[in-house]
Amino acid sequence: MFEDSVQTKAVVIILVIIGGAFVGGSVYFFNPFEDEINIRNAWFTDTDENNRADTLKLCIENRANLNTSVNKITLSIFGHDLLWSHNESIEIGPNSIFTAICQAENSTGELQFFDLVKITVFYKNKLATVLLRMGIEFSDLPFIYGHNFQQGFDYCNWTHFYFRNLTDGAIHGENTTIKSWKRQRDPIQLDKCLMCVTSNCQYIILNTTMFDFYDFNLSVDIRRRDNDGVGVILRYSEINDFPEFYILWHTLDHPIGDEEYLEEEAHMFNWTSEYDRIEYSKVTLHYVKGYDAGNGVIGFNWFKLNSTYCPVNDEWRNWRINLNGSRFSFSFDLTPQLTYDGLTLMNGTIGLASFESRGSSFDNLYIW
72 MFEDSVQTKA VVIILVIIGG AFVGGSVYFF NPFEDEINIR NAWFTDTDEN NRADTLKLCI
132 ENRANLNTSV NKITLSIFGH DLLWSHNESI EIGPNSIFTA ICQAENSTGE LQFFDLVKIT
192 VFYKNKLATV LLRMGIEFSD LPFIYGHNFQ QGFDYCNWTH FYFRNLTDGA IHGENTTIKS
252 WKRQRDPIQL DKCLMCVTSN CQYIILNTTM FDFYDFNLSV DIRRRDNDGV GVILRYSEIN
312 DFPEFYILWH TLDHPIGDEE YLEEEAHMFN WTSEYDRIEY SKVTLHYVKG YDAGNGVIGF
372 NWFKLNSTYC PVNDEWRNWR INLNGSRFSF SFDLTPQLTY DGLTLMNGTI GLASFESRGS
432 SFDNLYIW
């Protein structure tokens, strides 16, 4: 199926929070005085079905032992306040939680996909604030696979692979398993995600015995916590015990910036030519084929198919991929970025990759 026709059926009708960025590295502001306010969670909805959020349910916690009055709640984008209103009177009892209802006063104040919105709660000449990124929640359609990582992680449906040196040891000094991928609350996110907590070069694969995809769409939110590699694996299979797949990935450092690992990892990132190397700041589509590197260790040959500069950073960003026969397309926050026509692997499963990127995080993974 073509990307447009499929995405129309699965387009979202509800907006939710998937992540954001907050100066200082925290989700909420902790007041050092007795009336400590905590913004616990936020839900945006689209009540008029125009794919823009017009209503906010804001969960506010009073951690103090005294009543706290909320004077005002504001929503703003890039310093400009939006026209939103909220409950006329908000009084929160000691050690209690209150859900405030905020609504856009007109369509110009409604929020769209990937807006960065600052929410500020004013109380007793103090404030609590958080900067959140508008993400996507899909309607209830029959997905091939979907996971928002709020209710656990189905380890039994995934397999794990980590890169080893030629003596079969861990290259980055850490042994790692599938349990190194944990469901955790991200420091700048109001819900949980899947996080890789070790620095090994590794990937996880959705079990090929259960899932075998041909033409499909994939949507996933990714946050890279440092300058190292993160990506999505596509049409993965193992022929004669050796992996073969496509990978769309990005790095600002590893595996080409760490001189001490270049020799030890030469069989893992065995670029077929200088052209095939991953480039800094570029999202790159590679065809990767495994081989016997000796001593029971698998090596990988890498063939670059296409690449483009893309503003991947340490914020949550949406990666959208469509595979249709030999054709590949990639959109970044719904903006088209990269295409390729010439894929030869026609089916396989998908995976998530973390190349020395401790803390790399993935959320809202959907395939249809």
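Residue numbers for the sequence shown, in my numbering: 72 to 439. Backbone N, C-alpha and C define an ideal beta-carbon position, used for all residues, glycine too.
For residue i, write down the residues that DSSP places opposite it in a beta bridge.
{"i": "Cys264", "result": "Gln255"}
{"i": "Ala171", "result": "Leu129"}
{"i": "Asp14", "result": "It is not possible to answer for residue 14, since the shown part of the chain is limited to 72 through 439."}
{"i": "His338", "result": "For His338, which the question treats as bridged, DSSP gives no partner whatsoever."}
{"i": "Phe115", "result": "Leu127"}
{"i": "Ser140", "result": "Glu162"}
{"i": "Glu309", "result": "Pro314"}
{"i": "Tyr274", "result": "Phe232 and Ala424"}
Mark residue i as exposed unless 16 or more other C-beta atoms lie within 10 angstroms of its C-beta, in which case mark it buried.
{"i": "Gln273", "result": "buried"}
{"i": "Cys264", "result": "buried"}
{"i": "Asp299", "result": "buried"}
{"i": "Asp119", "result": "exposed"}
{"i": "Tyr99", "result": "At Tyr99, the pLDDT of 30 sits below 50, so the modelled position is not reliable; the number obtained from the coordinates is stated separately. It counts as buried."}
{"i": "Val94", "result": "With a pLDDT of 25 at Val94, under the threshold of 50, the modelled position of this residue cannot be trusted; read the value that follows with caution. Val94 comes out exposed."}
{"i": "Cys227", "result": "exposed"}
{"i": "Leu277", "result": "buried"}
{"i": "Thr410", "result": "exposed"}
{"i": "Phe399", "result": "buried"}
{"i": "Asp363", "result": "exposed"}
{"i": "Glu345", "result": "exposed"}
{"i": "Gly302", "result": "buried"}
{"i": "Leu127", "result": "buried"}
{"i": "Ser352", "result": "exposed"}
{"i": "Asp412", "result": "exposed"}
{"i": "Thr406", "result": "exposed"}
{"i": "Leu436", "result": "buried"}
{"i": "Glu159", "result": "exposed"}
{"i": "Asn121", "result": "exposed"}
Find out if the Cβ-Cβ distance for the pair residue i, residue j is shorter than 8 Å.
{"i": "Leu237", "j": "Val368", "result": "yes"}
{"i": "Phe284", "j": "Asn418", "result": "yes"}
{"i": "Leu319", "j": "Phe401", "result": "yes"}
{"i": "Phe316", "j": "Phe340", "result": "no"}
{"i": "Leu146", "j": "Ile275", "result": "no"}
{"i": "Leu305", "j": "Ile421", "result": "yes"}
{"i": "Cys130", "j": "Asn142", "result": "no"}
{"i": "Arg429", "j": "Arg296", "result": "yes"}
{"i": "Ser140", "j": "Ile108", "result": "no"}
{"i": "Ser397", "j": "Leu414", "result": "yes"}
{"i": "Asp292", "j": "Trp387", "result": "yes"}
{"i": "Phe185", "j": "Asn389", "result": "yes"}
{"i": "Asn133", "j": "Asn166", "result": "yes"}
{"i": "His321", "j": "Cys381", "result": "yes"}
{"i": "Thr279", "j": "Glu245", "result": "no"}
{"i": "Asn271", "j": "Thr248", "result": "no"}
{"i": "Thr343", "j": "Ile349", "result": "no"}
{"i": "Asp262", "j": "Gln222", "result": "no"}
{"i": "Asp385", "j": "Arg294", "result": "yes"}
{"i": "Ile190", "j": "Ile310", "result": "no"}
Inset, instruction - Please determine if the segment 173-190 and the segment 142-157 are in contact, where contact requires at least 3 C-beta pairs separated by less than 8 Å. - result: yes
Legend entry - Touching by the beta-carbon criterion (3+ pairs, under 8 Å), the segment 217-224 and the segment 184-203: no
Legend entry - the segment 349-359 / the segment 250-257 touching (three or more Cβ pairs under 8 Å): no
Inset, instruction - Tell me, please, whether the segment 116-136 touches the segment 178-189 by the rule of three or more beta-carbon pairs shorter than 8 Å. - result: Yes, the segment 116-136 is in contact with the segment 178-189.
Legend entry - Sequence ranges, beta strand (DSSP E) only - wholly within the segment 346-432, length at least 3: 353-365, 368-380, 388-395, 398-403, 406-412 and 420-426
Inset, instruction - Would you be able to state if there are at least three C-beta pairs under 8 Å between the segment 283-303 and the segment 369-377? - result: no
Legend entry - Those runs of the beta strand (DSSP E) which lie wholly inside the segment 179-231 and span at least 3 residues: 187-194, 197-208 and 216-218
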